[in-house]
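Asker: Here it is, the structure in full.
Protein chains in written order, with full-length UniProt numbering: chain A, 1 to 406; chain B, 1 to 406.
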């Protein structure tokens, strides 16, 4: 199964890379020299990169440094001398960077790999399609995907994964109404995330409802389990029956809404992305609480990673008066925007359809329904987002491999 | 099952609170007045608090505002007027704050609740024992807990939860070696977290190991699944057999080690808590990656929330030369400290014992073992940290209820 590291790709004379990715060559290095212990490389577009010695040394694609089967680092950082330095660096006839190290190792680097990881670049994630942030005018055909053969057909799987990532939600059609669908289809991405409502939950009206979800009430936009340190990533709801009057699903892209707030009132956005707020579950037998700013910014990019849109599980805010004022103004504005069709889409799920959404990004709710007019039954589960992203990368890798082998 | 909100506790004349917590009275309010739309309260120690109107209004413990059964907010923030203000505020004869609001509502607030949530305070988490950050001189008796009757005995459960939280790890003893222990005992906290290695994993040597864990190699200190957006919170390892020479478990408190780094080299600590680093799983059929600073600081407190101590799954660092230099110096120093008995403890697990640790705080590893000298078999699983914390709060609540009823 596992591919063995090939130190040299025969046809090109270029060395292998320290992982399973492919690195198409965009630019060739034209000159190199040892500098400050590291290596200066000049590229064919005239740009220059200064590599830190440890970045190159610990990723040297030789079998002593990188395990040839697992491609994991086989040597601990502390095994390399602290004063490790490049003694000599050059571009060899095949176009690879060749380095002689002070620890006696000689390494060669693939130019595609070297260019990808040049200093000052964000880490690439080449198989991740660009996200589309959407408002109320979203054309739902962009998120409707045929799932009639999804257990077998990797192209259907790929389209579903892409919609889920790009728009943060997707409606998979033609799944039938077998109760096992909710076990089998989300599991194509990865393991289901168990939780105190059960690994699989049935969204039906219950006489002794322990959550508003299990009533026929309308539910305003929200995220699930905001009271947890780690909110569930993806939620799936498979529709078995939907005959009641009402019971439409509401969806909104919180990243779209908070971006509107950032533009119209940056000081309120700032308050909501820096003020710790506690979400608290108030139940008799569980007591989940978590304190974090509502808008969680990615430290790497400054963009939202998740939004804890939590209308009814907020603990009393203990911020000072002035901060509380900004937080409440910001919350009110967000909740108002969440009530507007400018920012939301409405979907009436049909039996055999499964709605999936990124619970850290896409808000969900529903309109009230009248159980006397007919049954409404959904089955739900959670899966982590990282499973979707891993699947997207693997599907893209398989696609490349098919292209190569055809 | 659910308790119904009691608007007034008969014996004291004080109003109920909007949740299930208890609020012992530490100070009494002595005066109150409407101010800036909110309420100024003077306490019996002379201190003053100015409450924002929305904090008080949306937590008014009346059944229109707080659902009497679920104690969740029954009214959306947007239902209150944006210019809501206190018209009149006073301390009533029972010692409660009484407020008349511009929307016509009259509310009364319990003094214990009011004092707990005064502005400028950190949100309290009264049942969470203080953490102990430890080094190599930790006395292991502090983390050894009898588990002989843990499925039945809530006091054993409480002691185990406390050790797990306070020290970030615990050794539960006298569990026997039934293979189902790893299903039943961690499930006392909450549902097991499934993952690509399985809901339950057997740590035994395998001929076709897809992870170093399944070899007899020594494993340096690390955290599990650093490549995920959300790393597993708690890990449990139940020992069935441990007869080999070697195979001791190594543990270290990463919060202790990074604090040492912060003191001795603040600029390296700063680099590791701000520079995005990518952890990348390199496998044939999964491709997990996550980019985040190694030391994740809690935005609410500035203290570490988790440390992604990842010796062998780091993607090439693309920081600029100067930053890369600090990151590598910091990493080297951390890994050196992780190799020192000043910072680690060694445990030889016996059959029937279960090691549990906070995978976001406590690093684990093992010494190499010689499979020819005897068998070594552990069974493992993950549970989220939030389940531990919820359980700790509920166990404390039960203890209070027992005190009251005795």
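Built from N, CA and C at the ideal position, the CB exists for glycine as well. Nothing here was measured: the structure is a model prediction, and the numbers come from that model.
(1) What's the call for residue 59 of chain B, buried or exposed, on a 16-neighbour Cβ count within 10 Å?
(2) Would DSSP call residue 179 of chain B helix, strand or coil?
(3) Have a look at A:38, A:194 and A:215 and flag the residue whose alpha-carbon is nearest the alpha-carbon of residue 102 of chain A.
(4) In the structure shown, what three-state DSSP assignment does residue 314 of chain A receive?
(5) Would you mind telling me which residues of chain B sit closer than 8 angstroms to residue 217 of chain A, beta carbon to beta carbon, in chain order?
(6) Sort B:195, B:326 and B:249 by Cα distance to residue 217 of chain B and report the nearest one.
(7) Residue 117 of chain A bridges to which residues according to DSSP?
(8) Return the residue from the list A:359, A:354, A:284 and A:62 that minimises the CA-CA distance to residue 160 of chain A.
(9) Under the assumption that residue 365 of chain B contacts residue 170 of chain B (Cβ atoms under 8 angstroms), give the Cβ distance between them as a whole number of angstroms.
(10) Using the three-state DSSP reduction, which class does residue 143 of chain B fall into: helix, strand or coil?
(11) At a Cβ cut of 7 angstroms, what residues of the stretch 20-35 of chain B count as close to chain A, listed as they run along the chain?
(12) Using 8 angstroms as the limit for Cβ to Cβ distance, is residue 246 of chain B near chain A?
(13) Can you tell me whether DSSP reads residue 151 of chain A as helix, strand or coil?
(14) Given a threshold of 16 other Cβ atoms within 10 Å of its Cβ, counted over all protein chains shown, does residue 52 of chain A qualify as buried or as exposed?
(15) Is it the case that the stretch 336-352 of chain B contacts the stretch 257-270 of chain B, given that we only count it when at least three CB pairs across the two stretches are under 8 angstroms?
(16) Residue 172 of chain A and residue 147 of chain A: beta carbons closer than 8 angstroms?
(17) Let me check understanding here. Comparing Cα to Cα, which of B:45, B:268, B:82 and B:97 lies closest to residue 61 of chain B?
(18) Short of 8 angstroms in beta carbon distance, which residues of its chain neighbour residue 42 of chain A, apart from the five on each side in sequence? Order them along the chain.
(19) Assign residue 128 of chain A to one of three DSSP states: helix, strand, or coil.
(20) Taking Cβ positions only, does residue 6 of chain B come closer than 8 angstroms to chain A?
(21) According to the Cβ coordinates, are residue 289 of chain B and residue 245 of chain B closer than 8 angstroms?
(22) Report the three-state DSSP secondary structure of residue 251 of chain B (helix, strand or coil).
(23) Which whole-angstrom value is the C-beta distance of residue 225 of chain B and residue 232 of chain B, which I expect to be below 8 angstroms?
(24) Which same chain residues, not among the five before or five after residue 247 of chain A, have their C-beta less than 7 angstroms away from its C-beta?
(25) Determine the chain B residues that contact residue 315 of chain A at a beta-carbon separation under 7 angstroms, and present them in chain order.
(26) For the stretch 376-395 of chain B, which residues have a CB atom closer than 7 angstroms to at least one CB atom of chain A, in sequence order?
(27) From the DSSP output, read off the bridge partner residues of residue 233 of chain A.
(28) Could you check whether residue 179 of chain B and residue 321 of chain A sit closer than 8 angstroms to each other, using their CB atoms as the reference points?
(29) Mind listing which residues of the stretch 187-204 of chain B have their C-beta closer than 8 angstroms to chain A's C-betas, in chain order?
(30) Please list the partners that residue 358 of chain B has in chain A, where partner means a Cβ-to-Cβ separation under 8 angstroms.
(31) Short of 8 angstroms Cβ to Cβ, which residues in the stretch 69-82 of chain B face chain A?
(32) Beta carbons nearer than 8 angstroms to chain A: which residues of the stretch 330-343 of chain B have them?
(33) For residue 1 of chain A, collect the residues of the same chain with a Cβ closer than 8 angstroms to its Cβ; drop the 5 residues on either side in sequence, then sort them by chain order.
(34) Check whether the Cβ atoms of residue 221 of chain B and residue 252 of chain B sit closer than 8 angstroms, and answer yes or no.
(35) Does any residue of chain A have a CB that is nearer than 8 angstroms to the CB of residue 312 of chain B?
(36) Can you pull the chain A neighbours of residue 290 of chain B, defined as C-beta to C-beta under 8 angstroms?
Answerer: On the basis of the supplied data:
(1) Locating residue 59 of chain B in the second chain gives position 59, where the first residue counts as 1. By the neighbour-count rule (16 or more Cβ atoms within 10 Å), residue 59 of chain B is buried.
(2) The residue you call residue 179 of chain B lines up with position 179 of the second chain. Coil at residue 179 of chain B, not helix or strand.
(3) Residue 102 of chain A sits at position 102 when you count from the first residue of the first chain. Among A:38, A:194 and A:215, the Cα nearest to that of residue 102 of chain A is on A:38.
(4) Walking along the first chain from the start, residue 314 of chain A turns up at place 314. Residue 314 of chain A carries a strand assignment under DSSP once its states are collapsed to helix, strand and coil.
(5) Translated into positions along the first chain, residue 217 of chain A becomes position 217. Those within 8 angstroms of residue 217 of chain A in chain B number zero; the least Cβ separation is about 11 angstroms.
(6) One-based indexing of the second chain puts residue 217 of chain B at position 217. If we check each option's Cα against that of residue 217 of chain B, B:249 comes out closest.
(7) Locating residue 117 of chain A in the first chain gives position 117, where the first residue counts as 1. In DSSP, residue 117 of chain A forms no bridge with anything.
(8) Taking the first chain and counting its residues from 1, one reaches residue 160 of chain A at position 160. It is A:354.
(9) As a first step, residue 365 of chain B must be located in the second chain, where it is residue number 365. As a first step, residue 170 of chain B must be located in the second chain, where it is residue number 170. About 18 angstroms separates the two Cβ atoms, so there is no contact after all.
(10) Taking the first residue of the second chain as 1, we reach residue 143 of chain B at position 143. Three-state DSSP puts residue 143 of chain B in a helix.
(11) Cβ proximity to chain A below 7 angstroms picks out 20 from the stretch 20-35 of chain B.
(12) Locating residue 246 of chain B in the second chain gives position 246, counting from the first residue. Chain A contact via Cβ: absent.
(13) Sequence index remark: in the first chain, residue 151 of chain A carries index 151 (1-based). Here DSSP, grouped into helix, strand and coil, assigns residue 151 of chain A to coil.
(14) Here residue 52 of chain A is taken as the residue at index 52 of the first chain, counted from 1. When all chains shown are included, residue 52 of chain A counts as buried.
(15) yes
(16) Mapped onto the first chain, residue 172 of chain A falls at position 172. Mapped onto the first chain, residue 147 of chain A falls at position 147. Contact flag set, yes.
(17) Looking up residue 61 of chain B in the second chain gives position 61. Checked all of B:45, B:268, B:82 and B:97; the closest Cα to residue 61 of chain B is B:97.
(18) Stepping through the first chain from its first residue, residue 42 of chain A is reached at position 42. If we look at residue 42 of chain A and ignore the five residues flanking it on each side, its Cβ neighbours are 29, 30, 31, 32 and 48.
(19) In the first chain, counting from the first residue as 1, residue 128 of chain A sits at position 128. DSSP places residue 128 of chain A in coil when its eight states are reduced to three.
(20) The residue given as residue 6 of chain B occupies position 6 in the second chain. Reliability of the predicted coordinates at residue 6 of chain B is poor, the pLDDT of 47 falling under 50, and no value is obtained from them.
(21) Locating residue 289 of chain B in the second chain gives position 289, where the first residue counts as 1. Locating residue 245 of chain B in the second chain gives position 245, where the first residue counts as 1. Result no, Cβ atoms of residue 289 of chain B and residue 245 of chain B do not sit closer than 8 angstroms.
(22) As a working note, residue 251 of chain B is residue 251 in the second chain. Strand at residue 251 of chain B.
(23) The count along the second chain starts at 1 and reaches residue 225 of chain B at position 225. The count along the second chain starts at 1 and reaches residue 232 of chain B at position 232. Separation of the CB atoms of residue 225 of chain B and residue 232 of chain B is rounded to 6 angstroms, and the pair is thereby assigned contact status at 8 angstroms.
(24) Taking the first chain and counting its residues from 1, the one referred to as residue 247 of chain A is at position 247. So the list reads 366, 367, 369 and 376, once near-sequence residues are dropped.
(25) In the first chain, counting from the first residue as 1, residue 315 of chain A sits at position 315. Neighbours of residue 315 of chain A on chain B, chain order: 123.
(26) 384, 385, 386, 390, 393 and 394
(27) Residue 233 of chain A sits at position 233 when you count from the first residue of the first chain. Residue 233 of chain A is not bridged to any residue.
(28) Taking the first chain and counting its residues from 1, one reaches residue 321 of chain A at position 321. Taking the second chain and counting its residues from 1, one reaches residue 179 of chain B at position 179. The Cβ-Cβ distance between residue 321 of chain A and residue 179 of chain B does not fall below 8 angstroms.
(29) Listed by position along the chain: 190, 191, 192, 193, 194, 195, 196 and 199.
(30) Against the second chain, residue 358 of chain B aligns to sequence position 358. Within chain A, no residue comes near residue 358 of chain B; the closest Cβ sits about 11 angstroms away, beyond 8 angstroms.
(31) Answer in chain order: 70, 71, 72, 73, 74, 76, 77, 78 and 82.
(32) Of all residues in the stretch 330-343 of chain B, only 331, 332, 335, 336 and 339 come within less than 8 angstroms of chain A when Cβ atoms are compared, listed by chain position.
(33) Position 1 of the first chain, counting from 1, holds the residue named residue 1 of chain A. Residue confidence is low: residue 1 of chain A scores 31 on pLDDT, short of 50, so the model does not pin down where it sits. No coordinate-derived value is stated.
(34) For the purposes of this step, residue 221 of chain B is taken as residue 221 along the second chain, with counting starting at 1. For the purposes of this step, residue 252 of chain B is taken as residue 252 along the second chain, with counting starting at 1. For residue 221 of chain B and residue 252 of chain B, yes; Cβs fall inside 8 angstroms.
(35) The count along the second chain starts at 1 and reaches residue 312 of chain B at position 312. Taking Cβ atoms only, chain A reaches closer than 8 angstroms to residue 312 of chain B, which makes this a yes.
(36) In the second chain, the residue the question calls residue 290 of chain B occupies position 290. Within chain A, the residues near residue 290 of chain B are 386.
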